[in-house]
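Chains as they are written, first to last, in our numbering: chain Z, 5 to 338; chain F, 5 to 338. Notes for the one structure printed next.
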């Protein structure tokens, strides 16, 4: 099977429960501002007008609740993806945890490079190297065991630069937006290039998005029924396509079966999802979160390998997509 | 790719909208019997006790709404699958409709056999023949076009033996049960061996199950964005595994991400889904619809190729699964 390097890296980009502090925004009266964490500017106004239009049965732009599907990318759209996708940091950490049981890794790449913090070798990893990492950190265990591994990571590890819990590095204005859409009978889905189970491990307590509304890249499973409880064993094999770029519309059709009316992304990996959502009849809204806030988070776009944003940013004006400035539109970030 | 004949046949087993007459059961007061179409026997009592237990916060068997996932097979569990899966009848009909544009089919198998009603040749179709049928009837068009083809079939064709609309051949006690579970905050999913888009074409008006809650066998898509509106072209290639037998738990984990607490099937294709659901901790319920009603529907099990029921029926007693008799438990069928 074809597993392009980019694809696997994206697959490794992906948070977790433990703290539920952020998820609960108290219900407000209908006259209260539903987006208090957003500055009163174009992005907020456009979002509120759109929601008013599609929920107003008297409006020409009315959309029935069945069809109110909104899709959000995860890495860089709902939480921080710098300096590396969290799922990739999980992978590197997992190799270190497993190393005592694998003395052979001291001389075997890419494990040796990880254990020795040899960044030069890590940056030149080939497809086969990445496949080896996926095989030992994401496969060969039951689904339940993998979820425990992810839980442990979130409980015990901090972000390498911000020194925060990963689950606290979620953008609160985005969580507020998800809640606002849900209250207006939108069905909100997360469509991530990362592994679906990695994001499902924290989507409910942190984002308020149920597991079944998380769509992502999939590993193939092996069904095992020799013990008491039938289990699914994770295999080191991707189910094509990876849920990134053209894979996003494919996964959306496969798992939702409707064209969304709102899409929110932050990188070129979301380009086709934005096009698929907005280039069709009826009211449609596309948004791109632009990371321009080096003080509160990170500033990057065309020069960044992680969360590379170029094609989609260039297309935004032509396509009528709203470019949301983290610096100017978010009152708060985390 | 491996495409066993059985798998493709199952893939071709799969209804449709137009009439919404059945879907609406009027809301009743909470004291009203929620399962009036079921005889007061073991199956009904077990279902009602189970629902009471898992929804009662005081009960030891209480299950939070997030985890109240119920899965239903489609062919033979929610609607008639005899004498052939409806999706297979759609396929044969589609070949006849397309034949005027394909004079070469007069001499090419398996098309020739279909056009000449040559049942002997049809029964000996090889994997390659079935792949040819899928290619011309299910692939090579956009998703929208395929849905129109399915709509047309349901509007214009009748069941070959009962002479009824296919959408009227849905088991009303099962629709009532779905509604009962939904009112008790169950998330009801259809898990079909048939093509997911075939069932999504009618799941909302007929069953009251939203498209995104239909899981089924998937064809691979090609993303096309050269025209005004980006489209998904259906390819003659199955995404493994077919959603039947061990494929059912795999698809459930992939698309829902939780182990269901209730599973309802009718054939050996549902065996692993029933095991995966019931052989685990906590309150669990497995049910098998037994077709023993030759007067009102059909009577078949171990001898039938379509909806073959043997392994799962033999296991029912050992596993504690409820065998629902269509004859004795259903007050009405359609």
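C-beta: ideal position from N, C-alpha, C; glycine also. In this text the structure is predicted, and so the values were computed from the model without any measurement.
task: Count the CB pairs spanning the stretch 194-201 of chain F and the stretch 78-98 of chain F that are closer than 8 Å, and state whether there are at least three.
output: yes
- request: Would you mind stating whether residue 326 of chain F and residue 50 of chain F have Cβ atoms separated by less than 7 Å?
  value: In the second chain, residue 326 of chain F corresponds to position 322, counting from 1. In the second chain, residue 50 of chain F corresponds to position 46, counting from 1. For residue 326 of chain F and residue 50 of chain F, yes; Cβs fall inside 7 Å.
- request: Could you tell me which chain Z residues have their CB closer than 8 Å to the CB of residue 78 of chain F, listed as they occur along the chain?
  value: Walking along the second chain from the start, residue 78 of chain F turns up at place 74. By Cβ distance, chain Z contributes nothing, its closest Cβ being about 15 Å from residue 78 of chain F, past 8 Å.
- prompt: Closer than 7 Å, CB to CB, is residue 280 of chain F near chain Z or not?
  reply: The residue labelled residue 280 of chain F in the question sits at position 276 within the second chain. So yes, residue 280 of chain F belongs to the interface.
task: Using 10 angstroms around the beta-carbon of residue 106 of chain F, count the other beta-carbons present and answer buried if the total reaches 16, otherwise exposed.
output: Your numbering for residue 106 of chain F matches position 102 in the second chain. Its Cβ having fewer than 16 others within 10 Å, residue 106 of chain F is exposed.
task: Could you pull out every residue in the same chain whose Cβ sits closer than 6 Å to the Cβ of residue 191 of chain Z, ignoring the five residues on either side in sequence?
output: Against the first chain, residue 191 of chain Z aligns to sequence position 187. 73, listed in sequence order.
Exposed unless 16 or more other CB atoms sit within 10 angstroms - verdict on residue 81 of chain F: Your numbering for residue 81 of chain F matches position 77 in the second chain. Residue 81 of chain F is buried by the Cβ-count criterion.
task: Determine the direct distance from the alpha carbon of residue 232 of chain F to that of residue 224 of chain F, and round the result to whole angstroms.
output: Numbered from its first residue, the second chain carries residue 224 of chain F at position 220. Numbered from its first residue, the second chain carries residue 232 of chain F at position 228. Going from the Cα of residue 224 of chain F to the Cα of residue 232 of chain F covers about 22 Å.
- request: Identify the contact partners of residue 254 of chain Z in chain F, using a Cβ-Cβ distance below 9 Å as the criterion.
  value: Position 250 of the first chain, counted from the start, is the residue given in the question as residue 254 of chain Z. Ordered by position in chain F, the residues that pass the 9 Å Cβ test against residue 254 of chain Z are 224, 225, 226, 227, 236.
field: Start-end ranges of the beta strand (DSSP E) lying completely within the stretch 93-168 of chain F, minimum 3 residues
entry: none
task: For residue 261 of chain F, return the contacting residues in chain Z, with the cut-off set at a CB-CB distance below 8 Å.
output: Working through the second chain from its first residue, we reach residue 261 of chain F at position 257. Here the neighbours are 200, 201, 204, 215, 216, 218.
message: For residue 214 of chain Z, which residues in the same chain have their Cβ closer than 8 Å to its Cβ, ignoring the five residues on either side in sequence?
response: Your numbering for residue 214 of chain Z matches position 210 in the first chain. Closer than 8 Å at Cβ, skipping near neighbours: 207, 208.
task: Can you check the stretch 209-248 of chain Z for any beta strand (DSSP E) of at least 3 residues that lies completely inside it and give the ranges in chain order?
output: 218-228, 235-243
field: Element boundaries [alpha helix (DSSP H), containing residue 321 of chain Z]
entry: Position 317 of the first chain holds residue 321 of chain Z. Residue 321 of chain Z -> alpha helix (DSSP H) spans 315-323.
message: Please report whether the beta-carbon of residue 258 of chain F lies at a distance below 7 Å from any beta-carbon of chain Z.
response: The residue given as residue 258 of chain F occupies position 254 in the second chain. Residue 258 of chain F counts as touching chain Z.
query: What is the DSSP secondary structure of residue 284 of chain F, reduced to helix, strand or coil?
result: For the purposes of this step, residue 284 of chain F is identified with residue 280 of the second chain, where counting begins at 1. In this structure, residue 284 of chain F counts as coil in the three-state DSSP scheme.
- prompt: Does any CB atom of chain Z fall closer than 7 Å to the CB of residue 271 of chain F?
  reply: Walking along the second chain from the start, residue 271 of chain F turns up at place 267. Answer no: the Cβ-Cβ gap between residue 271 of chain F and chain Z never drops below 7 Å.
query: Would you say the stretch 112-129 of chain F touches the stretch 309-317 of chain F, given that touching needs at least three Cβ pairs under 8 Å?
result: no
message: With three or more beta-carbon pairs closer than 8 Å as the criterion, would you say the stretch 247-261 of chain Z touches the stretch 123-139 of chain Z?
response: no
message: Quick check on residue 290 of chain F: buried or exposed, where buried means 16 or more other Cβ atoms within 10 Å of its Cβ?
response: As a working mapping, residue 290 of chain F is identified with position 286 in the second chain. Buried, by the Cβ-count rule.
message: On the criterion of 16 or more Cβ atoms from any shown chain inside 10 Å, does residue 104 of chain Z qualify as buried, or is it exposed?
response: On the first chain, residue 104 of chain Z is found 100 positions in, with the first residue counted as 1. It counts as exposed.
task: For chain F, find out if any of its Cβ atoms is closer than 7 Å to the Cβ of residue 207 of chain Z; answer yes or no.
output: As a working mapping, residue 207 of chain Z is identified with position 203 in the first chain. So, not an interface residue.
- prompt: When the Cα atoms are used, what is the spatial distance from residue 336 of chain Z to residue 35 of chain Z?
  reply: As a first step, residue 336 of chain Z must be located in the first chain, where it is residue number 332. As a first step, residue 35 of chain Z must be located in the first chain, where it is residue number 31. Approximately 22 Å between the Cα atoms of the pair.
- prompt: Cβ of residue 182 of chain Z less than 7 Å from any chain F Cβ?
  reply: Position 178 of the first chain, counted from the first residue, corresponds to residue 182 of chain Z. Not an interface residue.
task: Out of Z:158, Z:132, Z:108, Z:226, state which residue places its alpha-carbon closest to the alpha-carbon of residue 145 of chain Z.
output: Numbered from its first residue, the first chain carries residue 145 of chain Z at position 141. Ranking Z:158, Z:132, Z:108, Z:226 by Cα distance to residue 145 of chain Z puts Z:226 first.
- prompt: residue 54 of chain Z lies in the alpha helix (DSSP H); which residues open and close that run?
  reply: Taking the first residue of the first chain as 1, we reach residue 54 of chain Z at position 50. It spans 46-59 - the alpha helix (DSSP H) in which residue 54 of chain Z sits, taken as one unbroken run.
- request: Note down, in chain order, every chain F residue with its Cβ under 7 Å from the Cβ of residue 239 of chain Z.
  value: Taking the first chain and counting its residues from 1, the one referred to as residue 239 of chain Z is at position 235. The contacting residues do not exist; residue 239 of chain Z stays about 10 Å from chain F at best.
query: Does any CB atom of chain F fall closer than 7 Å to the CB of residue 284 of chain Z?
result: In the first chain, counting from the first residue as 1, residue 284 of chain Z sits at position 280. With 7 Å as the cut-off, residue 284 of chain Z counts as an interface residue toward chain F.
- request: For residue 317 of chain F, I'd like the list of residues in its chain whose CB is within less than 8 Å of its CB, leaving aside the five on either flank, ordered along the chain.
  value: Residue mapping note: residue 317 of chain F aligns to position 313 of the second chain, counting from 1. Taken in chain order, the residues that qualify are 292, 294, 305, 306, 327.
- request: Using DSSP bridges, identify the partner residues of residue 191 of chain Z.
  value: Indexing the first chain from 1 puts residue 191 of chain Z at position 187. Z:73, per the DSSP bridge assignment.
message: Counting C-beta neighbours from all protein chains within 10 Å, is the total for residue 40 of chain Z 16 or more, i.e. buried, or is it exposed?
response: Indexing the first chain from 1 puts residue 40 of chain Z at position 36. Exposed, by the Cβ-count rule.
- prompt: In chain order, what residues of the same chain lie with their CB nearer than 8 Å to the CB of residue 168 of chain F, ignoring the 5 residues before and after it?
  reply: For the purposes of this step, residue 168 of chain F is taken as residue 164 along the second chain, with counting starting at 1. Only 162, 338 meet the Cβ criterion.
field: beta-carbon residue 72 of chain F near the ligand NAP non-hydrogen atom, thresh 6 Å
entry: Summarising the ligand content, the structure contains no ligands, and the ligand NAP is consequently not present.
message: Suppose contacts are defined by Cβ-Cβ distances below 7 Å. Is residue 59 of chain Z in contact with residue 188 of chain Z by that definition?
response: As a working note, residue 59 of chain Z is residue 55 in the first chain. As a working note, residue 188 of chain Z is residue 184 in the first chain. Yes, these two residues count as a Cβ contact at 7 Å.
query: Looking at C-alpha atoms only, which residue of Z:245, Z:175, Z:158 is the closest neighbour of residue 95 of chain Z?
result: Here residue 95 of chain Z is taken as the residue at index 91 of the first chain, counted from 1. Comparing Cα-Cα distances from residue 95 of chain Z to each of Z:245, Z:175, Z:158, the minimum goes to Z:158.
- prompt: With 16 other CB atoms within 10 Å as the buried threshold, where does residue 130 of chain Z fall?
  reply: By 1-based counting over the first chain, the position of residue 130 of chain Z is 126. The residue in question, residue 130 of chain Z, is exposed, as its Cβ has fewer than 16 Cβ neighbours within 10 Å.
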